[in-house]
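Okay, so here's the structure we're looking at.
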Amino acid sequence: MRSTYLKEVYRLAAEDRNVLSLVADNGMIVYDDFKRDFPEQYFNFGISEGHMINAAAGMASCGKIPFAYTIGAFLAYRAFEFIRLDVCLQNLNVKIVGIGAGMSYGYLGPTHHATEDIAVLRTLPNLTLLSPATAKEAKVLVNYAYNINGPVYIRLGNNLKEELYGDEMKVVPGKGTVLQKGRDMVIFSTGDITYQVMEAARRLEQDDITATVVSMHTIKPFDEELVSEMISIHKKVFTVEEHSIIGGLGGAVAEVMAEKGCTAVLNRIGLNNTFAHGYGTQEQVRQVNELDVSGIYQTIKKCIQEG
Amino acid sequence: MSLEEIAKEVRRDIMRTAYKGGSGHIASALSAVEIMTALYFGGILRYDPANPYWEDRDKLVLSKGHASLVLYSVLKRIGYITQKELDSFCSPGSALGGEPRLGDIPGVEATTGSLGHGLSFAIGIAIANRLDKRSSRTYAILGDGECQEGSVWEAALSAAHYRLDNLTVILDCNSLQAMDSTENIVSLNPLMEKWNGFGWSVVEINGHDLDQICTALKEDRESAITKPRIIIAHTIKGKGISFMENVPIWHYRMPNSEEMGIVRRDLGLDDL
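Chain order of the listed sequences is R and Z. Following the working numbering, the numbering of the first sequence begins with 231 at its first residue and continues without gaps. Following the working numbering, the numbering of the second sequence begins with 99 at its first residue and continues without gaps.
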């Protein structure tokens, strides 16, 4: 997904000289082409995420379209007030690009995990919040972000896996995508853990349990229409996110369910009021925190068995 | 009207507006009166009263946004807002809040209020101007207490790194912050050496001497130094109101009726 983002921002910068790439000492090598071909449109602000976001807002007030890129954890938390006041309150055209979604930086631990970013940023007025699961989603959403004249946060994971979307399937910004239909439950997912969800759903099929899986690549605005439709069809509702279950995707679905008077049971799968445990590859850390395929499968199976 | 007379009128407007609105950081606004008068009426800031959004205008970011009263008073004098709008300060439905907001009225180039934001925002403007090859200058007015925010120094490093010679900070150095003197709370000294060490061109002046301010700003405008510049303007918080000068409590307080009598006498105000 990151390489998709970089390709798209390169193409946008070639077409529109107002598109700028801002980094905070992050992106070794991957920005080489951009720096070589558009040196005037590239700024490394050093290790100062708040300043980068704040300066980006100043640039945007003059008609520039800065894409400010670094580790999502440092943007959502350290730079939060700058995102809130300089970008969102002034409704300025800044694209905030957070890499390392979820526990991508598995070896480094919670300091680098973006596992509460959706929750804190979702509260901000004027902000569009995008969380692609696949390269196809990332491509469409980066261009969508460019075409919005306002603040956008793009949450990028690291996956390099095969595309989940078939050629005939479309990504519609602002609308969730039904990746597959099933009988026994609906699972809402966001970000690249959607791959684990799809695999867990395949395992459930071996137990004769079928699931509808929905990729909620746009967290804000939230596709309440699709969620409403799904919760009216399915009696069991799951959310899976590589994020705290407080305030993130699970929180957003819970809000819709409560407001619609939905009586289905919601099970939120993610980090339950805890920082991620363990170190290792992203997959190993997911495993420790029961967010790998097996963990997701077991949790869902247990919920089903308990009725 | 001389600059001294304009400065006096701006002070009167600050007091009238605060009194009517029942709000505002009066003393913080009063310390910046001569700085703002020199910028707007001393032939420094490039703007077009008939076209507030002229693309090649100079932009001023009031980083110490709580001094909004001085900005609003100046903007009224150049016709960006009406007397009626000024009189609505801090009332429901007004576009003039205690902290200025971008987009609500012309002449406010950034939303400020939380300290330590204005300089980075101004840096973004200065970089954009450079990219667009505009000759416009960007000014940011900071308070000295504000320099206790770490973000100011992140910005200071960055401006020097990018050699933003189209950027000028005017530091309204009144040596007081909300609760006491900056020296007693967290000392900033030696301030000149700090900014120098961060790669800025530094000048120190008396921030109430209009000749000194205008000279410094004109020299700054014409200077060929390829560094960001800072003018440290030594000021008196509450300047012009005898009982407010250098008294920390006036960061927050509004005068009572007895004190307003002294304000009237100090400023020669007979319509309040």
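Just so you know, even glycine gets a beta-carbon here, dropped at the ideal spot from N, CA and C. Here the structure is a predicted model, which means the values were calculated and not measured.
Neighbour flag for residue i against chain Z, beta carbons, 7 Å
i: R:D316; result: yes
i: R:K294; result: yes
i: R:N284; result: yes
i: R:L252; result: no
i: R:G280; result: yes
i: R:A243; result: no
i: R:G302; result: no
i: R:A309; result: no
i: R:L319; result: yes
i: R:A287; result: yes
CA-to-CA distance, residue j to residue i, given in whole angstroms
i: R:E238; j: Z:G163; result: 38 Å
i: Z:S299; j: Z:A253; result: 15 Å
i: R:F608; j: R:K411; result: Nothing can be reported for residue 608 of chain R: it is not among the residues displayed for chain R, which extend from 231 to 537.
i: R:G339; j: R:D267; result: 35 Å
i: Z:N287; j: Z:D278; result: 15 Å
i: R:M460; j: R:V350; result: 26 Å
i: Z:E132; j: R:N321; result: 32 Å
i: Z:H215; j: R:M289; result: 14 Å
i: R:Y425; j: R:A363; result: 8 Å
i: Z:H259; j: Z:D318; result: 19 Å
i: R:G510; j: R:F304; result: 20 Å
i: Z:N344; j: Z:V108; result: 20 Å
i: R:D347; j: R:F264; result: 27 Å
i: R:G380; j: R:V370; result: 17 Å
i: R:E435; j: R:K532; result: 15 Å
i: R:N519; j: R:K490; result: 32 Å
i: Z:E302; j: Z:H332; result: 7 Å
i: Z:L265; j: R:V317; result: 21 Å
i: Z:F139; j: Z:G338; result: 19 Å
i: Z:V206; j: Z:G120; result: 22 Å
i: Z:A314; j: R:S474; result: 54 Å
i: R:H342; j: R:M333; result: 8 Å
i: Z:L167; j: R:Q517; result: 58 Å
i: Z:N354; j: R:G257; result: 58 Å
i: Z:F219; j: R:Y374; result: 25 Å
i: Z:I176; j: Z:H349; result: 27 Å
i: R:S458; j: R:V486; result: 7 Å
i: Z:I360; j: Z:A322; result: 46 Å
Closer than 7 Å to chain R by CB, residue i
i: Z:G222; result: yes
i: Z:S299; result: no
i: Z:T209; result: yes
i: Z:E343; result: no
i: Z:H215; result: yes
i: Z:L200; result: yes
i: Z:F219; result: yes
i: Z:A226; result: yes
Cβ-Cβ distance between residue i and residue j below 7 Å
i: Z:M136; j: Z:L308; result: Residue identity check: residue 136 of chain Z is Ala in the sequence provided, not Met. In this structure, Z:L308 lies closer than 7 Å to Z:A136 by Cβ.
i: R:A254; j: R:T300; result: yes
i: R:R539; j: R:E279; result: Lying before the first or after the last residue shown, residue 539 of chain R is absent from chain R, which here runs from 231 to 537.
i: Z:I112; j: Z:A127; result: yes
i: Z:I329; j: Z:I268; result: yes
i: R:H464; j: R:E367; result: no
i: R:E471; j: R:G477; result: no
i: R:G276; j: R:G302; result: no
i: Z:D185; j: Z:K118; result: yes
i: R:N356; j: R:F312; result: no
i: Z:L217; j: Z:T209; result: no
i: R:L386; j: R:Y261; result: no
i: Z:P326; j: Z:L229; result: no
i: R:T442; j: R:V416; result: yes
i: Z:L160; j: Z:I239; result: yes
i: R:I439; j: R:D414; result: yes
i: R:L252; j: R:M282; result: yes
Length at least 4, wholly inside the segment 379–411 of chain R: the alpha helix (DSSP H) runs in chain order: With a minimum length of 4 residues, no continuous alpha helix (DSSP H) run stays inside the segment 379–411 of chain R.
Within the segment 127–171 of chain Z, ranges of the beta strand (DSSP E) (whole runs, at least 3 residues): The segment 127–171 of chain Z contains, as complete beta strand (DSSP E) runs of 3+ residues, the segments 157–160 (chain order).
Length at least 4, wholly inside the segment 297–338 of chain R: the alpha helix (DSSP H) runs in chain order: Uninterrupted alpha helix (DSSP H) stretches at least 4 residues long and entirely within the segment 297–338 of chain R do not occur.
In chain order, each alpha helix (DSSP H) run of at least 4 residues that lies wholly inside the segment 164–219 of chain Z: Runs of the alpha helix (DSSP H) inside the segment 164–219 of chain Z: 166–175, 181–185.
Sufficient close CB pairs (3 or more, under 8 Å) joining the segment 441–459 of chain R to the segment 318–333 of chain R: No contact exists between the segment 441–459 of chain R and the segment 318–333 of chain R.
Stretch-stretch touch, CB-based, cutoff 8 Å, three pairs: the segment 495–506 of chain R with the segment 396–406 of chain R: Taking one beta carbon from each stretch, the segment 495–506 of chain R and the segment 396–406 of chain R have fewer than 3 pairs nearer than 8 Å; the two do not touch.
The segment 420–435 of chain R contacting the segment 523–536 of chain R, beta-carbon criterion three pairs below 8 Å: Touching, per the Cβ criterion.
The segment 223–239 of chain Z contacting the segment 145–160 of chain Z, beta-carbon criterion three pairs below 8 Å: Under the 8 Å Cβ criterion, the segment 223–239 of chain Z counts as touching the segment 145–160 of chain Z, having at least three qualifying pairs.
Complete alpha helix (DSSP H) runs within the segment 436–515 of chain R (minimum length 4 residues, chain order): Counting only runs of 4 or more, we get 454–463, 479–489.
In chain order, each alpha helix (DSSP H) run of at least 4 residues that lies wholly inside the segment 286–316 of chain Z: Runs found: 289–295.
Length at least 3, wholly inside the segment 222–287 of chain Z: the beta strand (DSSP E) runs in chain order: For the beta strand (DSSP E) assignment, the uninterrupted runs of no fewer than 3 residues enclosed by the segment 222–287 of chain Z are, from N- to C-terminal side, 236–241, 265–271.
Those runs of the beta strand (DSSP E) which lie wholly inside the segment 311–346 of chain Z and span at least 3 residues: Entirely contained in the segment 311–346 of chain Z, the beta strand (DSSP E) runs reaching 3 residues are, in chain order, 327–332.
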